[in-house]
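Participant: What follows is a single structure, and I will ask about it in a moment.
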Amino acid sequence: MMDFLKVVWRMLRLTICILFVIVNINCTEGDNYSKPLLCENEWKSNISIAELQSLYPGETVRIQDNQFLEAYVISSDQEGNFFGSIHIQDLPDNPTAGLEVLIDLPDTHIFYPMGHRILIRLKGMYLGKDGEIFQLGGVSSFFGNQKVGRLPASLTEKHLQLGCADSYELVPKSISLQRLELENPGTYVEIDSVQFTEDIIGQPFAETEQETIRLLEDCYGNSIEVVNSGYADFAWTPLPAGSGKISGILLKDRGSLIIRINKLKEVKFIHERCPSGPDPITSDSLFLSEIADPDNNSEARFVELFNAGSDDLPLAGWTLERYTNDNPEAGSVIDLSDLMIRAGGTALIASNAAVFEEVFGFPPDLEGGKNSPADSNGDDNLILKDPFGVVKDIFGRIGEDGSNTDHEFEDGRALRKSEVSTGSTVYDPSEWYIFNDTGLVGTINQPQLAPDDFSPGIHNK
Numbered sequence: 001m002m003d004f005l006k007v008v009w010r011m012l013r014l015t016i017c018i019l020f021v022i023v024n025i026n027c028t029e030g031d032n033y034s035k036p037l038l039c040e041n042e043w044k045s046n047i048s049i050a051e052l053q054s055l056y057p058g059e060t061v062r063i064q065d066n067q068f069l070e071a072y073v074i075s076s077d078q079e080g081n082f083f084g085s086i087h088i089q090d091l092p093d094n095p096t097a098g099l100e101v102l103i104d105l106p107d108t109h110i111f112y113p114m115g116h117r118i119l120i121r122l123k124g125m126y127l128g129k130d131g132e133i134f135q136l137g138g139v140s141s142f143f144g145n146q147k148v149g150r151l152p153a154s155l156t157e158k159h160l161q162l163g164c165a166d167s168y169e170l171v172p173k174s175i176s177l178q179r180l181e182l183e184n185p186g187t188y189v190e191i192d193s194v195q196f197t198e199d200i201i202g203q204p205f206a207e208t209e210q211e212t213i214r215l216l217e218d219c220y221g222n223s224i225e226v227v228n229s230g231y232a233d234f235a236w237t238p239l240p241a242g243s244g245k246i247s248g249i250l251l252k253d254r255g256s257l258i259i260r261i262n263k264l265k266e267v268k269f270i271h272e273r274c275p276s277g278p279d280p281i282t283s284d285s286l287f288l289s290e291i292a293d294p295d296n297n298s299e300a301r302f303v304e305l306f307n308a309g310s311d312d313l314p315l316a317g318w319t320l321e322r323y324t325n326d327n328p329e330a331g332s333v334i335d336l337s338d339l340m341i342r343a344g345g346t347a348l349i350a351s352n353a354a355v356f357e358e359v360f361g362f363p364p365d366l367e368g369g370k371n372s373p374a375d376s377n378g379d380d381n382l383i384l385k386d387p388f389g390v391v392k393d394i395f396g397r398i399g400e401d402g403s404n405t406d407h408e409f410e411d412g413r414a415l416r417k418s419e420v421s422t423g424s425t426v427y428d429p430s431e432w433y434i435f436n437d438t439g440l441v442g443t444i445n446q447p448q449l450a451p452d453d454f455s456p457g458i459h460n461k
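Residue numbers (UniProt numbering): 1 to 461.
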C-alpha cells in the first residue's frame, strides 16, 4: 500500500510543487535551491534527540512544550527506496540517536536533502514508536488508538526548517555484524566485509511492486536483512556477486536489526567473496582459564583461553567482550577469528604485545590493546561468545562492579581450577582461585608479580 501511494504521489508532484511555490518553498531539483529562511531567522534548538526520546511515556503523545530539535538528514527518497518519511540523527559523524519523521510529502530529497541540517518545531507534533524506532509526525487513529501518522504537507513549513548552512559530510558509523546488538537503530552506518548469500546472487534487489528482504552475511556466518522497495529505481538491478561495504540506515523490525539503503551507490561490493572454508564451529570445551593484572606491571595484563576438547578449534566468529565495572553493556570486544587453538592448548591475548614478550619471554597469540578485554584492572566482567552469539563462558556478574567481591582480581589474577572442563554461563566462584590485594569474600589476599606468579600458555600450573 505504501509503495502504491508513492506512485500516486509522484503523479501529483507538479501540483504539490506549485503549492509550495505559493507558500515560498522552492521546488528546484538538486542542491541549487534558495534557502527558505535567512540565518538570523533560524530557529534555535533547545532539546536533543536523546532528551526527546527520554520523554516518551510509552504511548503516542502530543508534544505541548515549545521545543525545537536540531538534527541531520540521513535518508533520501531520490531513488525510491524510502517514501513518506525522512530519517534524522543527532550528529553528522558518530551519532548516538536517530528517529523517523513522517511527512505526507513526495520527493522529500528536494526540500530536505541528505546531509543537510534540519530544525524541527516540536510543539503540536506527535511522538511515538513503531517497534523500536522513534517517530515524529501527525496523528492517525485506529480503533480508538492513536499512533504517529504523516504530517500533512501544508504543515511542513510550520514544523520543519532547513538549516541555513551548507550540507555536512555524513560519515557512516562503521559497525560489525558480530556486535550488532550494541548499535543504536535509526542511525547511518557502514558494514564492511559482507556479501549477499550465494543462493540469491543475480536476483533483483526487489521483486516488482513488493517490499523484498535480501540476506547479507559476513565471512563468519553472521547476517543481517537488507530491505528494498519494489518501486525503487534499482529494484531490478541484479544483486552483486562480490563482497565489500554497504551503507544505509540501521533500523529495527520485530526485534531484529535490518538495514535500508538510500541509493544503489551505497553498495560497494568490489572484492572477491569470502574464501570458502570450514563452517563456524561452536564448542563447550573452550573457556577462560587465566586473567592477569600483575601488581608490578599493569601493561603486562593478559587473558588466557583453554581448549579442553579433543579436537583443534578454529575461532572464526568467536568474540571476547569486556563489561567495565558495573556497566550492563559491553565496552569493548576482541574478534578472535584469526586464532586456532590446538586440542589441550591455549590462546593468549595480551593488552600490550611488546610488553608481554619482554616480561614473559615469548609473544602472545593476539594483542587486544588498551581498554580491551585483555586490559582489565581487576574489577571488570568478561563474556566469551561463539560464532552464533551464544554465551559460552563468563567471568564475573554483568552489571556488578567487581571491587570487594568474589571476582575481584586487582593486582593479582583469576586462575581456573584444573577440574573445570567446560565453560559456564553463570559465574561460579568455586571454579576459580582469585588472588588480589584485599582477600575479601573468599578471595586470596596475595598480590601477584610478573613473571614469576603467572603461567601464561601452561594451564593449571
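A virtual CB, placed ideally from N, CA and C, is assigned to each residue, including glycine. Source: prediction; values computed, not measured.
Are the beta-carbon atoms belonging to L320 and V303 less than 9 Å from one another?
Facilitator: By one-based count along the sequence shown, residue 320 stands at place 320. By one-based count along the sequence shown, residue 303 stands at place 303. Yes, the pair counts as a contact, with Cβ atoms nearer than the cut-off.
Participant: If you compare alpha carbons, which of G344, V333, E299, S298 is closest to S289?
Facilitator: The sequence position of residue 289 within the sequence shown is 289, counting from 1. Comparing Cα positions, the closest option is G344.
Participant: Taking the alpha carbon of L102 as the reference point, which residue from F111, P152, Y56, D65 has its own alpha carbon closest?
Facilitator: Locating residue 102 in the sequence shown gives position 102, where the first residue counts as 1. Looking at the Cα atoms, P152 is the closest of the given residues.
Participant: Alpha carbon to alpha carbon, how far is R273 from P451? Give it in angstroms, no decimals.
Facilitator: What you label residue 451 is simply residue 451 of the sequence shown in a count that begins at 1. What you label residue 273 is simply residue 273 of the sequence shown in a count that begins at 1. Roughly 44 Å between the two C-alpha positions.
Participant: Would you call the CB atoms of G442 and D295 closer than 9 Å?
Facilitator: Start at 1 with the first residue of the sequence shown, and residue 442 comes out as number 442. Start at 1 with the first residue of the sequence shown, and residue 295 comes out as number 295. No, the pair does not count as a contact, with Cβ atoms beyond the cut-off.
Participant: Pull the bridge partners of H87 from the DSSP assignment, please.
Facilitator: Working through the sequence shown from its first residue, we reach residue 87 at position 87. Answer by DSSP bridge pairing, in chain order: E100.
Participant: Are the CB atoms of I249 and V189 nearer to each other than 9 Å?
Facilitator: Taking the first residue of the sequence shown as position 1, residue 249 is located at position 249. Taking the first residue of the sequence shown as position 1, residue 189 is located at position 189. Yes. Within cutoff.
Participant: In three-state terms, what does DSSP make of R117?
Facilitator: In the sequence shown, the residue the question calls residue 117 occupies position 117. In this structure, R117 counts as strand in the three-state DSSP scheme.
Participant: Apart from the five residues just before and just after P95, which ones in its own chain have a Cβ nearer than 6 Å to its Cβ?
Facilitator: What you label residue 95 is simply residue 95 of the sequence shown in a count that begins at 1. Cβ neighbours of P95 beyond the five flanking positions: Q89, T187.
Participant: Name the DSSP bridge partner or partners of Y231?
Facilitator: As a working mapping, residue 231 is identified with position 231 in the sequence shown. Its beta-bridge partners do not exist; DSSP assigns none.
Participant: Count the other C-beta atoms from every protein chain shown that fall within 10 angstroms of the C-beta of E266, then say buried if there are 16 or more, exposed otherwise.
Facilitator: Mapped onto the sequence shown, residue 266 falls at position 266. By the neighbour-count rule (16 or more Cβ atoms within 10 Å), E266 is buried.
Participant: What residue ranges within the stretch 151-222 form continuous beta strand (DSSP E) runs of no fewer than 3 residues, ordered along the chain?
Facilitator: Those beta strand (DSSP E) runs which fall completely within the stretch 151-222 and span 3+ residues are 160-162, 173-175, 187-196, 212-218.
Participant: Please report how far the alpha carbon of P364 lies from the alpha carbon of S376, in whole angstroms.
Facilitator: Locating residue 364 in the sequence shown gives position 364, counting from the first residue. Locating residue 376 in the sequence shown gives position 376, counting from the first residue. So the two alpha carbons sit approximately 17 Å from each other.
Participant: In the DSSP assignment, find the unbroken alpha helix (DSSP H) run with S54 in it and report its ends.
Facilitator: The residue you call residue 54 lines up with position 54 of the sequence shown. Segment 49-54, the alpha helix (DSSP H) holding S54.
Participant: Use the C-beta contact count for L382: other C-beta atoms within 10 angstroms, 16 or more gives buried, fewer gives exposed.
Facilitator: In the sequence shown, residue 382 corresponds to position 382, counting from 1. L382 comes out buried.
Participant: At which residues does the alpha helix (DSSP H) containing V420 begin and terminate?
Facilitator: Residue numbering aside, residue 420 sits at position 420 when the sequence shown is read from its first letter. Per DSSP, V420 is not a residue of any alpha helix (DSSP H), being assigned neither H nor E.
Participant: In the DSSP output, what is P447 paired with across the bridge?
Facilitator: Position 447 of the sequence shown holds residue 447. In the DSSP assignment, no residue is bridged to P447.
Participant: Rounded to whole angstroms, what's the CA-CA distance from A71 to V390? Just pull it up for me.
Facilitator: Counting from one through the sequence shown, the residue named residue 71 turns up at place 71. Counting from one through the sequence shown, the residue named residue 390 turns up at place 390. Cα to Cα, the separation comes out at about 36 Å.
Participant: Might you give, ordered along the chain, the residues of its own chain that have their beta carbon closer than 6 Å to the beta carbon of S403, omitting 5 neighbours on each side?
Facilitator: For the purposes of this step, residue 403 is taken as the residue at position 403 of the sequence shown. Within the same chain, S403 has close Cβ partners D379.
Participant: In the DSSP assignment, the beta strand (DSSP E) including I394 goes from what residue to what residue?
Facilitator: Here residue 394 corresponds to residue number 394 of the sequence shown, with the count starting at 1. Taken as a continuous stretch (DSSP letters only), the beta strand (DSSP E) holding I394 covers 391-395.
Participant: Taking the continuous beta strand (DSSP E) assigned at A347, which residues delimit it?
Facilitator: To locate residue 347, count along the sequence shown from 1; it is residue 347. That run of the beta strand (DSSP E) goes 346-350.
Participant: Would you call the stretch 72-83 in contact with the stretch 105-120, where contact means no fewer than 3 C-beta pairs closer than 8 Å?
Facilitator: yes
Participant: The ligand GTP and D326: does the residue's C-beta get closer than 8 Å to at least one heavy atom of that ligand?
Facilitator: Summarising the ligand content, the structure contains no ligands, and the ligand GTP is consequently not present.
Participant: H459 lies in the alpha helix (DSSP H); which residues open and close that run?
Facilitator: Translated into positions along the sequence shown, residue 459 becomes position 459. Element bounds for H459: n/a, residue is neither H nor E.
Participant: Can you tell me the Cα-Cα spacing of D218 and L366, whole angstroms?
Facilitator: To locate residue 218, count along the sequence shown from 1; it is residue 218. To locate residue 366, count along the sequence shown from 1; it is residue 366. Going by the C-alpha atoms only, they are around 22 Å apart.
Participant: Using three-state DSSP, classify E290 as helix, strand or coil.
Facilitator: In the sequence shown, residue 290 corresponds to position 290, counting from 1. DSSP places E290 in strand when its eight states are reduced to three.
Participant: State the Cα-Cα distance for the pair F306 and P456, rounded to the nearest angstrom.
Facilitator: The count along the sequence shown starts at 1 and reaches residue 306 at position 306. The count along the sequence shown starts at 1 and reaches residue 456 at position 456. Rounded to the nearest angstrom, the two C-alpha atoms are 11 Å apart.
Participant: Excluding the 5 residues preceding and the 5 following R121 in the sequence, name in chain order all residues of the same chain whose CB lies nearer than 7 Å to its CB.
Facilitator: As a working mapping, residue 121 is identified with position 121 in the sequence shown. So the qualifying residues of the chain are W43, F68, K158, H159.
Participant: Could you compute how far the alpha carbon of H459 sits from the alpha carbon of L119?
Facilitator: The count along the sequence shown starts at 1 and reaches residue 459 at position 459. The count along the sequence shown starts at 1 and reaches residue 119 at position 119. Cα to Cα, the separation comes out at about 59 Å.
Participant: Just to confirm the assignment, what range does the alpha helix (DSSP H) spanning H109 have?
Facilitator: As a first step, residue 109 is located in the sequence shown; it is residue number 109 there, counting from the start. For H109, the enclosing alpha helix (DSSP H) has its first and last residue at 108-111.
Participant: Assuming V303 is part of the beta strand (DSSP E), what are its boundary residues?
Facilitator: One-based indexing of the sequence shown puts residue 303 at position 303. 302-307 is the span of the beta strand (DSSP E), which, as asked, contains V303.
Participant: Beta-carbon within less than 6 Å of A414's beta-carbon, same chain only, minus the 5 sequence neighbours each way: which residues are those?
Facilitator: Your numbering for residue 414 matches position 414 in the sequence shown. So the qualifying residues of the chain are I291, W432, I434.
Participant: Between the Cα of A300 and those of T282, A353, N228, spot the shortest distance and give me the residue it belongs to.
Facilitator: Your numbering for residue 300 matches position 300 in the sequence shown. The shortest Cα separation from A300 among T282, A353, N228 belongs to A353.
Participant: Quick one, are the C-beta atoms of Q448 and D293 less than 9 Å apart?
Facilitator: Position 448 of the sequence shown holds residue 448. Position 293 of the sequence shown holds residue 293. Yes, they are a contact pair.
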